[in-house]
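Enquirer: Right, I'll just put the structure down here and ask away after.
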Amino acid sequence: MGTLEEIRKRIRECDDQIVESLEKRMDCIQEIIQYKRENGLTILQPEQEKKQREALVKKLINHKFEEEILDIFTYIVKNSRKIQAKSLFSYNIMLIGFMGAGKSTVSDYLGHLLEMEEVDTDRLIVEKEGMSIPQIFEEYGEAYFRNCESNTLIELQKRNQLIVSCGGGIILRDENVRHMKKRGRIVLLTATPQTTLERVKDSTERPILNNNMNTQFIGELMEKRREKYLAAADIIIETDNKTIPQICEELVTKLTELE
Ligand code: S3P
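Numbering (our numbering), first residue to last: 143 to 401.
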């Protein structure tokens, strides 16, 4: 055993090596993204991450620091996802679409895979106002709620690399679309009235649909908003009969093709 100073010196050397190795590993992550993009390959590959983890677990069985090393790797992988996201998107991903189009579900899945922060305009409004959406509609009316949406978007312009789920009616004001485009790309998710009804029928959180839970009302309102949705969108993704991973892969591919 060396003196305390000697041991500390060895620790510093280890740290230098760790930094160097991490840098190499992170460079590889960027290279992979570049390679996938240049060769038109699938960008999100959660199964690959799983395989790597399994290989690592196997290698560390009965290792004296098994638990600790696995814990560290959890963070390494988490940060790899962040690096991946940063090299893919320098902007906010704004999800728009009719109620039930799948904005929150897509946001959850993407947020996890890319380790990006997620926000939801409805949720921000509920927190700020201290009331539910139906309560806001009831007490102050729809126009007040729409003002809250505009103010929320102005606040979000200060931020970057977020996934933002927007309330279904946010595109009704042209100024909102301008706010969204300042730091974001707009992704329109679509679904047929039938699929939409299936997804929203058990919710009571959407005042516009309360007492109007039928495909006729949904179809008519969609039609009224159609032009606004289409005009706002940078990319469009149909969600009927697709799985969430399929939708997210399509979203990432189409967004990266915009560059
Ligand atoms: C609305 C959609 C809702 C919510 C509010 C009004 C709309 O959000 O903002 O009930 O006008 O389409 P979701 O699309 O997230 O359900």
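Every residue gets a Cβ at the ideal spot worked out from N, C-alpha and C, and that includes glycine.
Evaluate His321 with the Cβ neighbour count: other Cβ atoms within 10 Å of its Cβ, from every protein chain shown; 16 or more gives buried, anything less gives exposed.
Expert: So His321 ends up on the buried side.
Enquirer: Could you check how far apart the C-beta atoms of Lys245 and Leu237 are, in whole angstroms? I think they sit under 8 Å.
Expert: Contact flag correct, Cβ pair sits at about 4 Å.
Enquirer: Leaving aside the five residues before and after Asp250 along the sequence, list all residues of the same chain whose C-beta is less than 8 Å from its C-beta, in chain order.
Expert: Closer than 8 Å at the Cβ level, and outside the excluded window around Asp250, lie Glu260.
Enquirer: List the whole-angstrom C-beta distance separating Arg325 from Gln299, where the pair is believed to meet the contact cut-off of C-beta under 8 Å.
Expert: Confirmed, about 5 Å.
Enquirer: Considering only C-alpha positions, which residue in the set Gly310, Ser345, Leu393 is nearest to Lys370?
Expert: Cα-wise, what sits closest to Lys370 is Gly310.
Enquirer: Is the number of C-beta pairs between the stretch 342–356 and the stretch 272–279 that are closer than 8 Å three or more?
Expert: With a cut-off of 8 Å, the stretch 272–279 and the stretch 342–356 count as touching, because enough Cβ pairs lie within range.
Enquirer: In whole angstroms, what is the alpha-carbon distance linking Ile211 and Glu165?
Expert: Taking the straight line joining both Cα atoms gives about 18 Å.
Enquirer: Please specify which runs of the beta strand (DSSP E), each continuous and at least 3 residues long, are wholly inside the stretch 326–387, giving them in chain order.
Expert: Entirely contained in the stretch 326–387, the beta strand (DSSP E) runs reaching 3 residues are, in chain order, 326–332, 377–380.
Enquirer: For the stretch 365–385 against the stretch 327–342, do three or more pairs of beta-carbon atoms, one drawn from each stretch, fall closer than 8 Å, so that the two count as touching?
Expert: Touching, yes.
Enquirer: Going by DSSP in three states, Met124 sits in which element: helix, strand or coil?
Expert: Here the chain comprises residues numbered 143 to 401, so residue 124 is not present and cannot be evaluated.
Enquirer: Based on the DSSP secondary-structure assignment, which residues constitute the bridge partners of Asn234?
Expert: Answer is Gly326, bridged to Asn234.
Enquirer: Between the Cα of Asp382 and the Cα atoms of Thr338, Glu399, Thr216, Phe287, which residue gives the shortest distance?
Expert: Closest option to Asp382, Cα to Cα, is Thr338.
Enquirer: Below 7 Å CB to CB, which residues in the same chain sit around Ile360 once its five sequence neighbours on both sides are set aside?
Expert: Cβ neighbours of Ile360 beyond the five flanking positions: Pro335, Thr338, Leu339.
Enquirer: Below 8 Å CB to CB, which residues in the same chain sit around Ile218 once its five sequence neighbours on both sides are set aside?
Expert: Contacts found: Leu164, Arg167.
Enquirer: Should Val319 go down as buried or exposed, given a rule of 16 or more other Cβ atoms within 10 Å for buried?
Expert: Val319 comes out buried.
Enquirer: Regarding Asp158 and the ligand S3P, is the C-beta to nearest heavy atom distance less than 7 Å?
Expert: Incorrect: Asp158 has no Cβ contact closer than 7 Å to the ligand S3P.
Enquirer: Helix, strand or coil for Glu259? Go by DSSP, reduced to three states.
Expert: If DSSP states are grouped into helix, strand and coil, Glu259 belongs with the strands.
Enquirer: For Lys270, which of Asn289, Leu393, Glu208 has the nearest alpha-carbon?
Expert: The candidate whose alpha carbon is nearest that of Lys270 is Asn289.
Enquirer: Give me whichever residues DSSP pairs with Ser307 in a beta bridge.
Expert: In the DSSP output, where bridge partners are listed per residue, Ser307 has Leu237, Asp262.
Enquirer: Would you tell me roughly how many angstroms separate the C-alpha atoms of Arg341 and Asp376, rounded to the nearest one?
Expert: Answer to the nearest angstrom: the Cα atoms are 25 Å apart.
Enquirer: Can the beta-carbon of Leu252 be found less than 8 Å from the beta-carbon of Cys390?
Expert: Yes, the pair counts as a contact, with Cβ atoms nearer than the cut-off.
Enquirer: Which value, in whole angstroms, describes the spacing of the CA atoms of Gln176 and Leu400?
Expert: In a straight line, the C-alpha of Gln176 is about 15 Å away from that of Leu400.
Enquirer: Can you grab the Cα-Cα spacing for the pair Lys206 / Arg154, in whole Å?
Expert: Going by the C-alpha atoms only, they are around 22 Å apart.
Enquirer: Going by the CB atoms, is the gap between Ile171 and Lys178 shorter than 8 Å?
Expert: The answer is no: Cβ separation not under 8 Å.
Enquirer: If you reduce the DSSP assignment to three classes, tell me which class Ser229 lands in.
Expert: Of the three classes helix, strand and coil, the one that applies to Ser229 here is helix, per DSSP.
Enquirer: Any heavy atom of the ligand S3P closer than 7 Å to the beta-carbon of Ile275?
Expert: Flag set: Cβ of Ile275 near the ligand S3P.
Enquirer: Hey, quick one: how far does the alpha helix (DSSP H) through Ser292 stretch, first residue to last?
Expert: Where Ser292 is concerned, the enclosing alpha helix (DSSP H) stretches over 284–298.
Enquirer: Arg320 by DSSP, collapsed to three states: which one?
Expert: Arg320: helix per DSSP, three-state reduction.
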